[in-house]
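If you read the sequences in order, they're chains A and B. Here my numbering is used: the first residue of the first sequence is 1, the next is one more, and so on. Here my numbering is used: the first residue of the second sequence is 116, the next is one more, and so on. Glycine included, every Cβ here is placed at the ideal spot set by N, Cα and C. What follows is a short report on a single structure.
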Amino acid sequence: KQEVTQIPAALSVPEGENLVLNCSFTDSAIYNLQWFRQDPGKGLTSLLLIQSSQREQTSGRLNASLDKSSGRSTLYIAASQPGDSATYLCAVSGDRGSTLGRLYFGRGTQLTVWP
Amino acid sequence: NAGVTQTPKFRVLKTGQSMTLLCAQDMNHEYMYWYRQDPGMGLRLIHYSVGEGTTAKGEVPDGYNVSRLKKQNFLLGLESAAPSQTSVYFCASGLNSYNEQFFGPGTRLTVL
């Protein structure tokens, strides 16, 4: 069964810092990897999708990389802002022997950016 | 284009009561999923559907039933609610196994 781990569980940084969130998964037979943002009491907002054949994706101040063979992904946030405060979830789609494409989620990294 | 919508947004039930959560998507997606989110557990798959008229069990299906009579709708039913079903329920849809999944805003359910 696919297992997804996110480190750290919580992160508190001053505004302006560049930061890295880590995600690891146990089964490299994935279709894709998605990074989501979740604000308290809200739904999931998709930030970036990386297909299994890709190495990275960028959107604004966000950059996500994927190393499928080692089962790792990182989300890089440049010049962090208080508005970036949220929980960031990593999810992988797929595992060996499955064609469903269901998502396996990590437990998230709770990010606080203070002014 | 509303994306994925869920009704209701909040609900409080007493133990033993029943209810149905509705998920609707207007993106013509084949795949639809129901997840539940609990503190410290992450999101877990309850049931899923790979097309109209099809449903299957996910990771935590006990106590839930689903139906997909129309392609755009995926219903999650609780026949006899239990306190352990207190959770936030998210619906998601996707074109196929390879594409991005889109999530609804969630339903916060409390069972007393």
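Going by C-alpha to C-alpha distance, which of A:Leu11, A:Asn18 and A:Tyr31 sits closest to A:Ala91? In the first sequence, residue 91 of chain A corresponds to position 91, counting from 1. Nearest of A:Leu11, A:Asn18 and A:Tyr31 to A:Ala91, Cα basis: A:Tyr31.
Could you give the distance in angstroms between the alpha-carbon of A:Lys68 and the alpha-carbon of A:Ser28? Stepping through the first sequence from its first residue, residue 68 of chain A is reached at position 68. Stepping through the first sequence from its first residue, residue 28 of chain A is reached at position 28. Their backbone Cα atoms lie some 6 Å apart in a straight line.
Taking B:Asn143 as part of the beta strand (DSSP E), name the residues at either end of that continuous run. Residue 143 of chain B sits at position 28 when you count from the first residue of the second sequence. Here B:Asn143 belongs to no beta strand (DSSP E), and DSSP marks it neither H nor E.
Straight-line CA distance for A:Ser59 to B:Gly168? On the first sequence, residue 59 of chain A is found 59 positions in, with the first residue counted as 1. On the second sequence, residue 168 of chain B is found 53 positions in, with the first residue counted as 1. Rounded to whole angstroms, A:Ser59 to B:Gly168 spans 37 Å at the Cα level.
What alpha helix (DSSP H) runs, 4 residues minimum, are completely inside the region 180-214 of chain B? none
Would you mind telling me which residues of chain A sit closer than 9 Å to B:Phe205, beta carbon to beta carbon, in chain order? As a first step, residue 205 of chain B is located in the second sequence; it is residue number 90 there, counting from the start. In chain order: Gly43 and Leu44.
Bridge partners for A:Ser46 per DSSP, in chain order? Position 46 of the first sequence, counting from 1, holds the residue named residue 46 of chain A. Per DSSP, A:Phe36.
Exposed or buried, what is B:Met147 when buried is set at 16 or more other beta-carbons lying within 10 Å of its beta-carbon? As a working mapping, residue 147 of chain B is identified with position 32 in the second sequence. B:Met147 is buried by the Cβ-count criterion.
Given a limit of 9 Å on CB to CB distance, which residues of the region 81-96 of chain A reach chain B? Leu89, Ala91, Ser93 and Gly94
To the nearest angstrom, report how far apart A:Glu17 and A:Ala10 are at their CA atoms. Reading the first sequence from its first residue, position 17 is the one you call residue 17 of chain A. Reading the first sequence from its first residue, position 10 is the one you call residue 10 of chain A. Going by the C-alpha atoms only, they are around 15 Å apart.
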